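For the sequence shown, the positions run 140 to 278 when this note's numbering is used.
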Amino acid sequence: QVLYSADSSSTGVRVMPITNGVPAAGAITSTGIGSPVSVRVHPGGNSLYLVHNTAGPNIVHLRIQSSGALSQLGTYSASGTGPISMAIDATGNFLLVTGTYGSVDVFRIDANGYLTLVSTTTAGGSPRGITLANYRDLP
């Protein structure tokens, strides 16, 4: 197992191997973009997405190697200002990114993990987090 952490003191994601349930100090995989704030692993386990709270490009797509190491595949720009959080739906088909000033971008994730922006909406307010629920599972 590997723990991935958005490291706001750097320009990337910290990769920390886990042994016996305990994460070890790990190296930074730099993306060259400052202020990383959120990280998500695709349900398929091959892609990792990192959001930076900066002007675009501010979404980074990284490939997860069999060793847990990362290699950068692409960058994308959220439409809103200051993306702060993201979520991936359970099917792994969509990535949602919320901005600090109320925007929510929906990206389609293709079979190789690459993103295409499909819609943008305004959630209002100043959201700081985003998550998804399967409405059929709600009481």
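C-beta atoms are modelled at their ideal positions from N, C-alpha and C, and glycine is treated no differently. Quick caveat: nothing in here was measured; it's all calculated off a predicted structure.
Closest option to residue 267, judged by alpha-carbon separation, among 246, 237, 249: 237.
When secondary structure is reduced to three states using DSSP, residue 177 falls in the strand class.
For residue 217, there is no enclosing beta strand (DSSP E), since its DSSP letter is neither H nor E.
For residue 266, no beta strand (DSSP E) encloses it, and the DSSP letter there is neither H nor E. Ranked by Cα distance from residue 220, the options 263, 228, 204 are led by 263. A Cβ-Cβ contact shorter than 8 Å links residue 153 with residue 165. Distances from the alpha-carbon of residue 203 to those of 196, 143, 225, 239 put 143 closest. Residue 150 and residue 190 have their alpha carbons spaced roughly 11 Å apart.
Residue 145 and residue 230 have their C-alpha atoms spaced approximately 23 Å apart. Nearest C-alpha to residue 244 among 234, 251, 250: 234. Residue 271 holds the alpha-carbon nearest to the alpha-carbon of residue 228 among 177, 271, 174. DSSP assignment within the stretch 148–198 yields the following whole beta strand (DSSP E) runs of 3 residues or more, N-terminal first: 151–158, 166–169, 175–180, 186–191.
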